[in-house]
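Worksheet for the structure shown next.
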Amino acid sequence: MTVDVARYLAGCEDVAGRSANRLASGLKGSTILAIARQVKELQDEGINVRNFTIGDFDPKQFPVPEALSEGIVDALRKRQTQYPPAIGVPELRKAVRDLYADRLGLAYPEGSVQIGSGARPPIYSAFQAIVEPGDAVLYPVPSWNINHYTYLSGARGIPVVTSPETGFMPTAEQLLPHLGEARLVVINSPLNPSGTVIAPDQLEAICRAIVAENDRRRAAAERPLFLLYDQVYWQLVFGDSEHVTPVRLVPEMAPYTIFVDAISKCWAATGLRVGWAVVPPWIRDRMQALVGHMGAWAARPEQIATARLLADPELLGDYTEVFHGGISARLERLQDGLTGLKAEGHPIEVLPAQGALYLSAKVDCIGRRHGDQVLENEEAVRSWLLTEAHIAVVPFSAFGYPANSGWMRWSVGSVSLADVDAAVGRLRAALNQLTD
Ligand SMILES: Cc1ncc(COP(=O)(O)O)c(C=O)c1O
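Residue numbers for the sequence shown follow our numbering, beginning at 4 and rising by one.
See the structure below:
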């Protein structure tokens, strides 16, 4: 006999109400998912929405490296299907250390790498390993999801509002006054959502201040201050921009730095779930227990295939060139298109794309009219862009930035060059219909 479970669940809303725990029910829903639902509704009506909302890749445009897929299939055929070690398979941990030594000039010792299923478990477990309820977490906004990790660890967030003048990156001047009360500082570069990189002199000054603060805490036997440096997009940096790291700039940062990284963005492999933290070994030991209890390790075949590719980049063939070329061509085309609209007199601001898959652009239309409707706020502008220009973008307010700045994230991972051109054309047409 099959139990009709739906019948037994029906009418139990009171149970649901009484069983909600504070931690889970306090989590905020994602604005991006709400926008995705609106996009889907329009697409279901047959409208061709140019979708710049997704921080992910369309595999038809940006597939994962062929050698990665083959490596996974090969590992499966070789029955590599048991539990991986909770810290990750040895060949991947070694490949990550070698990558950091060869490409970032950072020779980490054995025992520094914690593998996880993407970058998220390393971030979550780093928070859980370091932050106590009531501690302060200092992070710039806009930023990706740090508010949620802060909330989940019972910490108090100190969001610092950055400005377009510094590419939405924090400056030493902004962070230094808060270091004394913080337990953890979180910096992401290249930055989601702005597609910009941190200025080396600013990161260096921040790191020197963290080291000085830790010297003080050491003398006072206080708990140290850490920096979580999220560099998941570091291999996607364009033009003259440079990716820098805390430990390379200030080696004394090594005991206090938690690197977070993944294959998700550098190989368009978001769904394969391989990421890692590179940390002092004593933090790795704590993260290992946390990741182990979550079971948030990456699948063994994916780990083996990733290790093979990291160890032998020749297997990638021309993948990196084609992939980077594709992302930067889209970003450039979008930047040029929007800058062209600005040159025509439209109220648009664009920041030069430096890294990741995002462009920061502001369509400054708050207060203008579309027919008899006034675009009263940023949400009205975003909604007008979607319904009139069929362009879907995410406002920076979804990343903790103050509402109504007008700045939006334009992600190019799921659009073609033709989509970019079409979007610019439609935006021009929509802007031409606005009145004061
Ligand atoms: C800045 C940043 N860090 C971490 C992540 C999470 O990466 P993963 O998918 O590997 O968990 C993302 C995903 O969008 C991101 O933008």
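Note that the Cβ used here is the ideal one computed from N, Cα and C, for glycine as well.
Selection S128, A432, A212 and V325 evaluated against G295 yields S128 as nearest (Cα-Cα). At least one heavy atom of ligand 1 is found less than 7 Å from the C-beta of W147. Beta-carbon to beta-carbon, D288 and R371 are separated by about 57 Å, too far to satisfy the 8 Å threshold. L360 is a Cβ neighbour of G416, given a cutoff of 8 Å. Ordered along the chain, residues surrounding ligand 1 are G58, G121, A122, R123, W147, N191, N195, D233, V235, A265, S267 and G278 [Cβ under 5 Å from any heavy atom]. Put simply, the backbone Cα of F55 is about 45 Å away from that of T5. V200 sits close to S244, with the two beta carbons spaced by under 8 Å.
Residue range P249 to L252 is occupied by the alpha helix (DSSP H) that includes V250. The alpha-carbon of A122 is positioned some 7 Å away from that of V235. If you look at E352, you'll find it in the beta strand (DSSP E) that goes I351 to V353.
L228 and Q117 have their C-alpha atoms spaced approximately 20 Å apart. For the set P62, C368 and H393, the Cα lying nearest the Cα of A383 is the one of C368. Within the region 210-286, the complete beta strand (DSSP E) segments of 3 residues or longer fall at 229-233, 260-265 and 278-281, listed in chain order. Distances from the CA of D59 to each of S331, V247, A272 and Y152 were compared; the closest alpha carbon is that of A272. Within 10 angstroms of the beta-carbon of T84 lie fewer than 16 other beta-carbons, which makes it exposed. Exposure of W285 is indicated by the presence of fewer than 16 other C-beta atoms within 10 angstroms of its C-beta. Short of 8 Å from the beta carbon of Q205, and not among the five residues preceding or following it, lie these beta carbons of its own chain, in chain order: T169, M172, P173, T174 and A175. H373 is bridged by DSSP to Q376.
Taking C-beta separations shorter than 8 Å and ignoring five residues to either side along the sequence, the partners of L344 in its chain run I351, V427, L430, R431 and L434, following chain order. For G91, the three-state secondary structure derived from DSSP is coil.
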